[in-house]
Structure formats: C-alpha cells, structure tokens
Amino acid sequence: MKSKDWLNRQKRDFYVKKAKKQGYLSRAAYKLVEIDNKFKIIKKSSNVFEFGASPGGWSQVAIEINPKIQITAIDLLELKINHPQIKFYKEDYLNFNYNKIEKNFDLILSDIAPNTTGHQSTDHLRISMMLFDIIDLLDKLMIKRGVFVTKIWKGSEEKSLIKELKKKFNEVSYFKPNASRKDSVEIFIIAKDFL
Ligand SMILES: C[S@@+](CC[C@H](N)C(=O)[O-])C[C@H]1O[C@@H](n2cnc3c(N)ncnc32)[C@H](O)[C@@H]1O
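Right, here's the structure in full:
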C-alpha cells in the first residue's frame, strides 16, 4: 500500500480515532484488550516480556488491566511511555543479551512485525522467521505453565509455527480480534500452559 493510501486509511479508521481519544499509543491496544477479554491472561500474570513493544499500546493495556504487572519490553524503536514498571530495551531482539535479565516470565507477548515489502509471501516469511526465533527463545525466558501471545501473518509457514507451539504448550488457540482489519492476514495465537 502506498504511504498516502495508508495515511488516508489511518485518518478514517474507527480504532485509530478511538485510540487517540482514549489516550492509547496505538490502535493495536484494542487487539490486546479483546484478547484479554476472551482469554483472561493479564490479571493472572505478574511478569511480562514483550517483543516489539513500541510505541507502547500493549504495555499501556497490560498495566491498566493489572496495575501490579512488571514489564520487560524490547523494540528497535523508542517506547513512547515511561512507567516505573516497564523496563525497556531499545535493541534488536536478535542481538539482545538475554543473560542480562531475569528469565522468569509468566506471560510473553509478541506483536513484532518486520517492515513490509508489500509482497505478501515475502512479508509472511520474514515475520515467520522472527517467530521461529522467538519460539526458540521461550525455553530460555518462560516459566512452566506460562502463556505466549503472538501475532502471525497467515501463509505457508503457519502450520509449522503452530506445530512448534503445540510441542511446547498444552493449549493453542487462534483469535482474530475485531480491531484487526478484516482484509489483513493478521491473526493472533494464544498458547497456554507452557510445558
Ligand atoms: C505493530 S508494532 C507493535 C505495536 C505495539 N504492540 C503497540 O501496541 O504499541 C511492531 C513493532 O515491532 C518492532 N520490531 C521489528 N523488528 C524488530 C526487531 N528485530 N527487534 C525488536 N523490535 C522489532 C517494530 O519496531 C515495531 O515497533
């Protein structure tokens, strides 16, 4: 999509307007609200790791739902929220030294996305490669019985991603929030009970 078309769509978009009015940093915030309404994951969690957290809509939602939650977040771009319960690292998740943080997360969130090329299968492969890496990292970061929520873009690697997750979690569900554009290939996976 051309950047002019994207800007026009953003201006018209219901959730973009709503986010602005309610002080959320991203329209993506509503996706996590819907995920939590259905899967009830945030109140039960105390220690969250977030891949691709910027500008910070998901972090805002997590703290709003569970004011005691602690968040460790990473992104290439700056987080636009400053909060004593958020420890933010402006780094590439691939080069990050995970040994410098405590590895006892009971909820791991990923809304990470590469820059898009507009070529659907290329974009799908790029996000999928990121997710295979992140799924590997779960072993290092997550405690037993933990929950993993991730965005995926539908495509050829989807089955293998789900297969990997099913090896590691007891329960793996798909979810398409209303706030996710109908015409987008995006869906969310909620994986519960890390083995
Ligand atoms: C859709 S946005 C996340 C929005 C966020 N959930 C929110 O509600 O504000 C995806 C993010 O992934 C980040 N990202 C992409 N590649 C990354 C990488 N290699 N390491 C860390 N973050 C990355 C982007 O910078 C972008 O901010």
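The number in my numbering is simply the position in the sequence shown, starting from 1, with 3 added. Where is the CB? At the ideal position from N, CA and C, for every residue including glycine.
Exposed or buried, what is residue i when buried is set at 16 or more other beta-carbons lying within 10 Å of its beta-carbon?
i	result
Ile-146	exposed
Met-132	exposed
Ser-183	buried
Thr-75	buried
Ser-159	exposed
Tyr-18	buried
Asn-181	exposed
Asp-78	buried
Gly-26	exposed
Arg-30	buried
Asp-136	exposed
Tyr-33	buried
Glu-53	buried
Helix, strand or coil, according to DSSP, for residue i in the structure here?
i	result
Lys-154	strand
Asn-199	Lying outside 4 to 198, the shown extent of the chain, residue 199 is not represented and no answer is given.
Thr-125	helix
Gly-26	coil
Lys-6	Correcting the residue identity first, residue 6 is Ser in this sequence and not Lys. Looking at Ser-6 - three-state DSSP - the assignment turns out to be helix.
Leu-3	Since the displayed the chain opens at 4 and closes at 198, residue 3 lies outside it and no answer follows.
Glu-2	This structure does not reach residue 2, given that the chain is present from 4 up to 198, and the question cannot be answered.
Gln-88	coil
Arg-184	coil
Ser-62	helix
Ala-76	strand
Pull every residue with its beta-carbon under 6 Å away from any heavy atom of ligand 1, and keep them in chain order. Leu-28, Ser-29, Ala-31, Ala-32, Gly-55, Ala-56, Ser-57, Pro-58, Gly-59, Gly-60, Trp-61, Ile-77, Asp-78, Leu-79, Leu-80, Asp-95, Tyr-96, Leu-97, Asp-114, Ile-115, Ala-116, Pro-117
When the Cβ atoms of the segment 58-65 are set against those of the segment 14-29, are three or more pairs found closer than 8 Å? yes
Pairs of beta-carbons, one from the segment 32-51 and one from the segment 101-110, closer than 8 Å: are there three or more? When C-beta atoms of the segment 32-51 are compared with those of the segment 101-110, three or more pairs fall below 8 Å, so the two segments count as touching.
Touch check for the segment 119-132 and the segment 25-45: three-plus C-beta pairs under 8 Å? Touching, no.
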